[in-house]
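Number of protein chains: 4
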Amino acid sequence: MIRPDDLAVVVYKEKKYLKKIEEGKSFHGKGGILPFASVAGRPWGTRFGEYDVFPPTIEDVIMYGVRRETQIVFPKDAFFICHKLDIKCGSRVLEIGSGSGALTLLLSRAAGPEGHVVSVEKEERHYKNAQRNLAKYLELQNVTLRHADAADFEDGPFDAAFIDLREPWLYMEHLRALLCGGAPIGFIVPTTNQVSECLQALRQGFGDVEVIEILFRRYKTVAARLRPEDRMVGHTGYLIFARKIEAVVEELRATDGVTPP
Amino acid sequence: MIRPDDLAVVVYKEKKYLKKIEEGKSFHGKGGILPFASVAGRPWGTRFGEYDVFPPTIEDVIMYGVRRETQIVFPKDAFFICHKLDIKCGSRVLEIGSGSGALTLLLSRAAGPEGHVVSVEKEERHYKNAQRNLAKYLELQNVTLRHADAADFEDGPFDAAFIDLREPWLYMEHLRALLCGGAPIGFIVPTTNQVSECLQALRQGFGDVEVIEILFRRYKTVAARLRPEDRMVGHTGYLIFARKIEAVVEELRATDGVTPP
Amino acid sequence: MIRPDDLAVVVYKEKKYLKKIEEGKSFHGKGGILPFASVAGRPWGTRFGEYDVFPPTIEDVIMYGVRRETQIVFPKDAFFICHKLDIKCGSRVLEIGSGSGALTLLLSRAAGPEGHVVSVEKEERHYKNAQRNLAKYLELQNVTLRHADAADFEDGPFDAAFIDLREPWLYMEHLRALLCGGAPIGFIVPTTNQVSECLQALRQGFGDVEVIEILFRRYKTVAARLRPEDRMVGHTGYLIFARKIEAVVEELRATDGVTPP
Amino acid sequence: MIRPDDLAVVVYKEKKYLKKIEEGKSFHGKGGILPFASVAGRPWGTRFGEYDVFPPTIEDVIMYGVRRETQIVFPKDAFFICHKLDIKCGSRVLEIGSGSGALTLLLSRAAGPEGHVVSVEKEERHYKNAQRNLAKYLELQNVTLRHADAADFEDGPFDAAFIDLREPWLYMEHLRALLCGGAPIGFIVPTTNQVSECLQALRQGFGDVEVIEILFRRYKTVAARLRPEDRMVGHTGYLIFARKIEAVVEELRATDGVTPP
């Protein structure tokens, strides 16, 4: 049942809008006027003329709710990152570069009520915007938003970390110290030059390095004329993943040969 | 700390192996012999010669653990599906076509300890294989595996559903009845002909239909010679998503105009 | 040397303009005014402020010269088609569906002065537009443009054919009769449904059938920040190629076992 | 008509073989034995059991004929390069890095009987292999193969050039001097690091710089089960194109302000 003040996604053809169902208000679009008084009290999934009203998914919130003051991590990448970093109920997760807080919402959900996400943002303007977005859209009280520079941040240890910085290689040793042994870490960078810099920095103290690009292609949904859409997103960023090497055993036979990597 | 009988992923160059750290045993690979007696008691993330030993992620389990008697839903698709269907702690999820149970593991994790996944498999052989895989790798006790035909399955309602069948269009009305109003449903099919059939069947009773293809590209991880890998996976399947239309209001002004779609 | 009335491509940042260097005129763009009187008499490849002036390539003519009244075959596809059909100096080429004549220009060039291209267009409006484009941009006098329906066209035999029609399967037998034994034939269609129909029709009388899609990705050209462009063309069309089976020999030993396919 | 000693491509399912139809010999494959004595005298495009025999296209020659001692420029890239460089009947074309001569065959065809291709190879072993391949497969006598280093080569001017070297940026100024004003030049390099180096070197004396990647996707050709192939080529190389800036006019009004770039 759609209740007053619920968040809802209104779908009109291929456009979506995230709206609060405030009773005195209405939605004005190409499909006409949709008075919210007519919407409240109906079941979720009701079709009103050309408008369909659904409960918003996390993708709807990220795409149509979050106020963007930075480039966000788009769902195609965020969905992958979250599982690739093996985040599950109870995980302690570090995010460096909160940006607008879009990925933070997803990390929070994945870490669950028993988990904890620490998200660090250096720019005051972005920090405040992320704060607003989290206040509005966070489902669980498991996020600590910190206004700090990555280099000054000293907490830990974390089960996983995701880094969205311009020059992550400058912080690599520091970040490594915040992770549990074997913990996965991820990065997103837009250019190949940055990928090379990261790869260089990951040679010390990390293993299982991967560089991945996710291309996302939508199709037009007409059964008799199935075809990809004419235009697609050509690039968001390169994803880099690695895992922390905690110790190095040179001599397998020795039982006390653990040295720092 | 790696304890005896832990599952671990052993990484050698770009190959990975999922192994139980059984004390009397050892791993024999191109990097030499790795006796598990030397591994137990070390921290996670220890490097032994050319071998790195990490705690397995869910991707490691799906790729190197699950015994496959069917084509599995690959991580690139599974990770996306899981969030696209908006599965979160507490979700009640329906999976039709358990296959080898790979996606089931991920759905279980996403639904969390408060959630519930019902996974239905018709083929006895696959059902038994999925049962074995779940017994071995499931982290939470929130999955009910059912040996049944989709058409005979009558539970519900579910917050989300994922369907991996050859002819899902034959079951569309039945599946729709098992979903909550506005609930997302997803499908994976390998051919464009199947996509067209699904799109046709989704015209009644569903909205917000999307067809998506995820292309996944790996790069070689040499900083000074960054380049994509020579070969890549060209296709796994087309993903189709929709949401259940629960009711149709013809006249926006009327307050009692709800009709079944 | 750029001479008066030459066609030239004017490049300003990432935009290109095909212009006739008419002496009294000038080019007005974001880089300021470029008087053509200053251009004529200079060498090709002269940089005037932010404008570069080059001799137009066939890609420039197709992209910025040809007046489009139809969707054209884009260079990424046209360049491939031309060689895939093995067109060389002296080839006799059939094109069904001249459209705006963009591909015709390329086929003409590939067939060379000794070759011949017959291009057939049914729609009078497109025929006339193609005529204008060919009059303006054709380099060789080796094209016959015909205003006719594919079904009524009876010439031949051709060394190669390219078909850009909505329902090519309706003409398959007729088209086959116009080709030399073993000759390649190509098609472009936008939807998967059309691909399936073509494949079905090609089962009789054709061999070596291939379906191909060419994805074209541009990068931003900043050395220190190399990255793909944000948006790309997601789809133009599916390319289908086959070769004519001329005869079938059932019994390899027999010397007179040739039967029509 | 297939004559004795003709080159032919034998197609068996999705495999192709380039063969000389030598009368005493035969083709042995999974489709059985095909005695060439039965083939000679038949029309092109004859189907013999499961074998189809066609006249070889230039793609067949490049893929199944050319003996490779180097990585070749694959047809998907070669076909594009050839037109992008605007090569037509009469063009004078420079190729630095003949490799195995695969692209040379295509450039030769595009330049036509009136054109000329100069192809330069430094490595003696590759030079000799290219020589053999050209002797076997060249259609026109318009190619000069040179055993020389790019830096020592002093001919010109050329209408277009293609460079397949490991470090093309070392030769950029030298190469520029060999080109006509406004002439297009192309490069292929496998890594992003090389692309960045080239872009840096192209900043002086070149305009209209483009970086392009061509992804090529094949589909299985079953009408009722249309789908992309499971595996595809993930990467061959990045293509870079530019055009020579011949002169720079600082002051548009002045008529004698041409300075070298």
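Chains as they are written, first to last, in my numbering: chain R, 1 to 261; chain G, 1001 to 1261; chain F, 2001 to 2261; chain U, 3001 to 3261.
Glycine included, each C-beta is placed from N, C-alpha and C at the ideal position.
Closest by C-alpha distance to residue 3190(U), out of 3150(U), 3072(U), 3118(U), is 3072(U). In the DSSP assignment, residue 3137(U) falls within the alpha helix (DSSP H) that extends over 3124-3137. Here residue 1243(G) is buried: its Cβ has 16 or more other Cβ atoms, across all protein chains shown, within 10 Å.
For the pair residue 3087(U) and residue 3111(U), the CB atoms are nearer than the 8 Å cut-off.
For residue 1234(G), a Cβ of chain U is located within less than 8 Å of the residue's own Cβ.
Scanning its chain for C-beta atoms nearer than 8 Å, with the 5 sequence neighbours on each side dropped, one finds around residue 2130(F) the residues 2098, 2099, 2100, 2101, 2104, 2119, 2121, 2145, in chain order. Taken atom to atom, the span from the alpha-carbon of residue 96(R) to that of residue 164(R) is near 6 Å. In summary, no residue of the stretch 1096-1111 of chain G has a CB separated from any CB of chain U by less than 8 Å. The way I'd put it, the stretch 2200-2209 of chain F doesn't touch the stretch 3171-3189 of chain U; fewer than three beta-carbon pairs between them come closer than 8 Å. In the three-state DSSP reduction, residue 1068(G) falls in the coil class, being neither helix nor strand.
Straight through space, the alpha carbons of residue 2207(F) and residue 3230(U) are spaced by roughly 22 Å. With respect to chain R, the C-beta atom of residue 3192(U) has a partner C-beta closer than 8 Å. One finds 3043, 3044, 3045, 3046 in chain U with Cβ atoms closer than 7 Å to the Cβ of residue 2246(F), taken in chain order.
Counting only the Cα atoms, residue 1022(G) lies some 5 Å from residue 1005(G).
From the beta-carbon of residue 176(R), no residue of chain G is found nearer than 8 Å; the closest lies around 10 Å away.
If only complete runs of 3 or more residues are kept, the stretch 1031-1078 of chain G shows the beta strand (DSSP E) at 1032-1035, 1046-1048, 1051-1054, in order along the chain. Restricting attention to 3082(U), 3012(U), 3029(U), the CA atom closest to the CA of residue 3054(U) is found in 3012(U). For residue 3115(U), the closest alpha carbon among the candidates 2093(F), 2089(F), 2211(F), 2137(F) is that of 2089(F). Residue 2001(F) sits exposed, since fewer than 16 C-beta atoms from the chains shown fall within 10 Å of its C-beta. Under DSSP, residue 2018(F) forms a beta bridge with 2009(F).
Using a CB distance below 7 Å, the part of the stretch 1201-1227 of chain G facing chain U consists of 1217, 1224, 1225, 1226, 1227, ordered along the chain. For secondary structure counted as the beta strand (DSSP E) over 3 or more consecutive residues, the stretch 2205-2259 of chain F holds these complete runs in sequence order: 2206-2220, 2231-2233, 2238-2244, 2247-2249. Residue contact check for residue 119(R) against chain G: no CB pair falls below 8 Å. Taking C-alpha positions only, residue 2221(F) is separated from residue 2227(F) by approximately 8 Å.
The residue among 1009(G), 1140(G), 1063(G), 1077(G) with its C-alpha nearest the C-alpha of residue 1046(G) is 1009(G). One alpha carbon belongs to residue 170(R), the other to residue 93(R), and they sit about 20 Å apart.
Scanning 134(R), 245(R), 215(R), 31(R) for the CA closest to the CA of residue 233(R) turns up 215(R). Distance from residue 3070(U) to residue 3028(U) at the Cβ level is roughly 29 Å; contact not present, criterion being Cβ atoms closer than 8 Å. Between the C-alpha atoms of residue 2016(F) and residue 2128(F) there is a straight-line separation of about 26 Å. The three-state secondary structure of residue 3002(U), taken from DSSP, is coil.
The criterion of a C-beta distance shorter than 8 Å is not satisfied by residue 60(R) and residue 239(R). Residue 82(R) and residue 75(R) have their C-alpha atoms some 10 Å from each other.
Annotation: residue 3114(U) has no Cβ neighbours in chain G at a cutoff of 9 Å; minimum Cβ distance is about 39 Å. Proximity of chain F to residue 3028(U) at the Cβ level (cut-off 9 Å) is not reached, the minimal Cβ distance being about 13 Å.
By the rule that beta-carbons nearer than 8 Å mark a contact, residue 3188(U) does not touch chain F. Shown here for residue 1032(G): same chain residues with a beta carbon closer than 7 Å to its own, the five before and five after excluded, namely 1049 in chain order.
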